[in-house]
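Residue numbers (the numbering used here), protein chains in the order written: chain A, 25 to 246; chain B, 1410 to 1997.
C-beta: ideal position from N, C-alpha, C; glycine also.
Worksheet for the structure shown next.
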């Protein structure tokens, strides 16, 4: 009996001196078939997202150092109690990351053909979007709470920093929501690339981590 | 698994309408030219401002044409008030530092050349690229708009030190809406720069053509790539700084305004803010900013020189590139040397002084690479090379002043004098301008398909080169003699003897400025009437010379290029194109 020897899969060693995408970019399915979508090993969307997150980290590091230095001056500080709704918001944001991962899984299953319904990943994306909106609404409630206590932007340094940190973060979250809407519209037209989803998801998870950091910062410093 | 056909939507189709083609274009080449045009306009605006200041310094009573019309309050009858002098100085610095020096060598040439250098059809994110230009454009309009509002432009300098910049209209003319518009303008410039840097980084990393390893990257692209990183991290700090400044001005917060501050007999309703915090945040951006300005110049000069000296740079791509990386990295830990006299702890001054001296090491290595490369070379003295050599000369002359300023003891004397003004005009201002000119003369044939006039180019070079030495060397000397910077007139006893030197500088500035019209004439005339440029007029080796002049919409006419060599394959008359499979002549 003849033995069939199957060739082991070729491992692409040329990646070591890989020189980019050979000038190519944006491979999308020709006739709107998501299952034919292909990605380069180096996708601009992914690289770009890492770079973007680096810049955002730098901005928040600058604001953090402003807080630390400004505290060193030690005047004009008043007490700010963190509104309890923040902790609910945190939970909402964390859950939204989980639902986004469910969206990713169902999307992979759909792209592999084991899931027949495109509506499933769409539904998970919709839930994530709603949770994100709920988070922003919750942050707004936290501001209203502070307002009712007479703590405005200029009341004291703590309240200033509270509004700046939560406000700038909320703007970034809104950017992430816009990204999710973009992903959903691409999915709807069946031209979603995996890297686009990956970039949006990476940004969204980063918003979680950033928020946990900010919450810790506000909790310990303000 | 069934393979469905996958087509590479490698590029948007060429647009047809005028608006899509030339105005809201996503083509990196059009965007590059838009940036360069914006910078050119900004440079002439900035130059006109410096003329007005210089004339006023030399002859304080002379009426300056148009100034009285531009600002009846700031310059009644054409003679400027001291406050208006400061406004002109602020806008000169802002327009030159941001919209000329940051925009032209990086965003201008980078946009046009970087995708071609890496063999790509366009930037990684073309629409982002377009928006980054238009955001810059609106930022520039906002900066210019300050001249036409009743308030006038702000007077707090391009560094906008708080609390002067933070308290509002009470601080003087221009500190109301003028400063607000300034803040908005700079915030927009930050956003545009961040988008631009993102595009440059991703394009360089992800869109390189086959065989174009990082070690084979053209040196100009290395400069832009490193610069993009510095830009990304620095502008990400300036943006929140602008936010806090605007909140202090409009939101009533006290980030930068201390308590008990009295301006014009009015107690300011703020408490506990830290002016030093603003300086720290600003210079954390501001020092990398001067390297953001100079790193593309390093790259452009390193890119141009081998073509005209017909040999690779000493040390190959590595020494110069690693020097640039070292400069870019160290630029983030030296910002305090701008603040030696700010009231910061003297121990901190020492902490910042040491890395400042360290950063000269990679800078000197780069200079030595350029100078040593000339040894034994068969030099072709074309205008681009003259400007590159001019760059080296100015960079050295300015850099030497840096040693005095890097040490707190000498800096405390020199800091508030015109020595500093001369120093930074040499090192970052004119060095970057000369590299921009070098790039302009070098790439003009590729960008417009016409050669520039060499005779006019050389005339322009020599007048400018001698002229800037007359202006800024004299300025450094008057600084040693104690001329205080930012004074609108030399009225103190110890400064009156410096008036003749100032008149000399003013005449030199007027003549040098006038010589820039030779350049303008040359550029416009050559654009339409110049000799038709061949594809590779300089006998260069990088990818931009492997396509038509100007390049087609997708840069290489659908060809997929393979790169076999580094960018410096020169050996006398012989040279090998990066895309040519022939044997190497220089072993790079």
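Problem set entry | Cα-Cα separation, residue 1749 of chain B to residue 1915 of chain B | Start at 1 with the first residue of the second chain, and residue 1749 of chain B comes out as number 340. Start at 1 with the first residue of the second chain, and residue 1915 of chain B comes out as number 506. The alpha-carbon atoms of residue 1749 of chain B and residue 1915 of chain B are separated by roughly 30 Å.
For this session: Let me know if residue 233 of chain A comes out buried or exposed under the rule of 16 or more other beta-carbons within 10 Å of its beta-carbon.
Result: The residue given as residue 233 of chain A occupies position 209 in the first chain. Label assigned to residue 233 of chain A: exposed.
For this session: Quick one: residues in its chain with C-beta nearer than 6 Å to the C-beta of residue 1911 of chain B, no 5 flanking neighbours on either side, listed in chain order?
Result: As a position in the second chain, residue 1911 of chain B is number 502, starting the count at 1. Once the five neighbours on either side are set aside, the close Cβ partners of residue 1911 of chain B are 1466 and 1467.
Problem set entry | Continuous alpha helix (DSSP H) stretch holding residue 193 of chain A: start and end | Sequence index remark: in the first chain, residue 193 of chain A carries index 169 (1-based). Per DSSP, residue 193 of chain A belongs to the alpha helix (DSSP H) from 181-212.
For this session: Measure the beta-carbon distance from residue 1701 of chain B to residue 1639 of chain B and round it to whole angstroms, keeping in mind my assumption that it falls under 8 Å.
Result: Within the second chain, numbered from 1, the residue matching residue 1701 of chain B stands at position 292. Within the second chain, numbered from 1, the residue matching residue 1639 of chain B stands at position 230. In this structure residue 1701 of chain B is in contact with residue 1639 of chain B, their Cβ atoms being roughly 5 Å apart against a cut-off of 8 Å.
For this session: Check whether the stretch 1447-1462 of chain B touches the stretch 1512-1526 of chain B, counting contact only when three or more Cβ pairs, one atom from each stretch, lie closer than 8 Å.
Result: yes
Problem set entry | Secondary structure, alpha helix (DSSP H): runs of 4+ residues fully inside the stretch 1724-1777 of chain B | 1725-1739
For this session: Helix, strand or coil for residue 1907 of chain B, going by three-state DSSP, please let me know.
Result: Working through the second chain from its first residue, we reach residue 1907 of chain B at position 498. Correct three-state label for residue 1907 of chain B: helix.
Problem set entry | Helix, strand or coil at residue 1639 of chain B [DSSP, three-state] | In the second chain, the residue the question calls residue 1639 of chain B occupies position 230. Residue state, collapsed to three classes: helix.
Exercise. Taking the C-alpha atoms as reference points, what is the distance between residue 1708 of chain B and residue 1738 of chain B?
Worked result: Walking along the second chain from the start, residue 1708 of chain B turns up at place 299. Walking along the second chain from the start, residue 1738 of chain B turns up at place 329. Roughly 16 Å between the two C-alpha positions.
Problem set entry | Residue span of the alpha helix (DSSP H) that contains residue 1488 of chain B, given as start and end | Position 79 of the second chain holds residue 1488 of chain B. Residue 1488 of chain B -> no alpha helix (DSSP H), and no H or E assigned at all.
Exercise. Which residues bound the alpha helix (DSSP H) around residue 145 of chain A?
Worked result: Here residue 145 of chain A refers to the residue found at position 121 when the first chain is read from its first residue. Looking at the DSSP string, the run of the alpha helix (DSSP H) that includes residue 145 of chain A is 143-172.
Problem set entry | Cβ contact (3+ pairs, closer than 8 Å) linking the stretch 104-115 of chain A and the stretch 165-178 of chain A | yes
Problem set entry | Cβ distance (whole Å) where residue 129 of chain A is taken to contact residue 223 of chain A below 8 Å | The sequence position of residue 129 of chain A within the first chain is 105, counting from 1. The sequence position of residue 223 of chain A within the first chain is 199, counting from 1. Not really, about 17 Å apart at Cβ, beyond 8 Å.
Exercise. To the nearest angstrom, how far is it from the Cα of residue 1436 of chain B to the Cα of residue 1520 of chain B?
Worked result: Numbered from its first residue, the second chain carries residue 1436 of chain B at position 27. Numbered from its first residue, the second chain carries residue 1520 of chain B at position 111. Cα to Cα, residue 1436 of chain B sits roughly 9 Å from residue 1520 of chain B.
Exercise. Does residue 1632 of chain B get closer than 7 Å to chain A when you measure Cβ to Cβ?
Worked result: Translated into the one-based positions of the second chain, residue 1632 of chain B becomes position 223. So no, residue 1632 of chain B is outside the interface.
Problem set entry | Residue(s) in a DSSP beta bridge with residue 1676 of chain B | The residue given as residue 1676 of chain B occupies position 267 in the second chain. According to DSSP, residue 1676 of chain B bridges with B:1671.
For this session: For residue 1897 of chain B, I'd like the list of residues in its chain whose CB is within less than 6 Å of its CB, leaving aside the five on either flank, ordered along the chain.
Result: For the purposes of this step, residue 1897 of chain B is identified with residue 488 of the second chain, where counting begins at 1. Contacts found: 1491 and 1494.
Exercise. Checking contacts by CB at 7 Å: is residue 43 of chain A closer than that to chain B?
Worked result: On the first chain, position 19 is the one that residue 43 of chain A refers to. Only weak support is given to the placement of residue 43 of chain A: the predicted model assigns it a pLDDT of 41, under 50, and the question is left unresolved by the model.
Problem set entry | Stretch pair the stretch 1522-1540 of chain B + the stretch 1617-1637 of chain B: three plus CB contacts closer than 8 Å | yes
Exercise. In whole angstroms, what is the alpha-carbon distance linking residue 1474 of chain B and residue 1497 of chain B?
Worked result: By 1-based counting over the second chain, the position of residue 1474 of chain B is 65. By 1-based counting over the second chain, the position of residue 1497 of chain B is 88. So the alpha carbons of these two residues sit roughly 15 Å apart.
Problem set entry | Proximity test, Cβ basis, 7 Å: residue 94 of chain A and chain B | For this step, residue 94 of chain A is matched to residue 70 along the first chain. So yes, residue 94 of chain A belongs to the interface.
For this session: Give a yes or no on contact between the stretch 1661-1670 of chain B and the stretch 1536-1550 of chain B, applying the rule of three or more CB pairs nearer than 8 Å.
Result: no
Problem set entry | Presumed contact (8 Å Cβ cut-off) between residue 1873 of chain B and residue 1921 of chain B, rounded CB distance | Position 464 of the second chain, counted from the first residue, corresponds to residue 1873 of chain B. Position 512 of the second chain, counted from the first residue, corresponds to residue 1921 of chain B. Indeed they touch by this definition, with Cβ atoms about 6 Å apart.
Exercise. Is residue 1859 of chain B helix, strand or coil by DSSP?
Worked result: Position 450 of the second chain, counted from the start, is the residue given in the question as residue 1859 of chain B. Residue 1859 of chain B: strand per DSSP, three-state reduction.
Exercise. What residues from the stretch 196-220 of chain A come within 7 Å of chain B, judged by C-beta to C-beta, listed N to C?
Worked result: none
Exercise. Taking C-beta to C-beta, are residue 1559 of chain B and residue 1583 of chain B nearer than 7 Å?
Worked result: Numbered from its first residue, the second chain carries residue 1559 of chain B at position 150. Numbered from its first residue, the second chain carries residue 1583 of chain B at position 174. Not a contact, by the Cβ cut-off of 7 Å.
Exercise. With 16 other CB atoms within 10 Å as the buried threshold, where does residue 1691 of chain B fall?
Worked result: Within the second chain, numbered from 1, the residue matching residue 1691 of chain B stands at position 282. Buried is the call here.
For this session: Mind reading off the beta-carbon distance from residue 1580 of chain B to residue 1573 of chain B? Whole number of angstroms is fine, and I expect it under 8 Å.
Result: Taking the second chain and counting its residues from 1, the one referred to as residue 1580 of chain B is at position 171. Taking the second chain and counting its residues from 1, the one referred to as residue 1573 of chain B is at position 164. With 8 Å as the limit, residue 1580 of chain B and residue 1573 of chain B qualify as a contact, their Cβ atoms being about 5 Å apart.
Problem set entry | Minimum Cβ-Cβ distance from residue 1610 of chain B to chain A less than 7 Å | Locating residue 1610 of chain B in the second chain gives position 201, counting from the first residue. So, interface residue.
Exercise. Nearest chain B C-beta to residue 108 of chain A closer than 7 Å, yes or no?
Worked result: For the purposes of this step, residue 108 of chain A is taken as the residue at position 84 of the first chain. Taking 7 Å as the threshold, the shortest C-beta distance from residue 108 of chain A to chain B does not fall below it.
Exercise. Quick one: what does DSSP say residue 1622 of chain B is sitting in, helix, strand or coil?
Worked result: Taking the second chain and counting its residues from 1, one reaches residue 1622 of chain B at position 213. Of the three classes helix, strand and coil, the one that applies to residue 1622 of chain B here is coil, per DSSP.
Exercise. What are the partner residues of residue 1984 of chain B, as DSSP defines its beta bridges?
Worked result: Looking up residue 1984 of chain B in the second chain gives position 575. Paired residues: B:1979.
Problem set entry | Contacting residues, own chain, Cβ-Cβ under 6 Å from residue 1971 of chain B (five flanking each side not counted) | Counted from its first residue, the second chain places residue 1971 of chain B at position 562. Contacts found: 1619 and 1620.
Exercise. Which stretch, first to last residue, makes up the alpha helix (DSSP H) that contains residue 94 of chain A?
Worked result: Your numbering for residue 94 of chain A matches position 70 in the first chain. Residues 68-97.
For this session: Assign residue 1430 of chain B to one of three DSSP states: helix, strand, or coil.
Result: Locating residue 1430 of chain B in the second chain gives position 21, where the first residue counts as 1. Helix.
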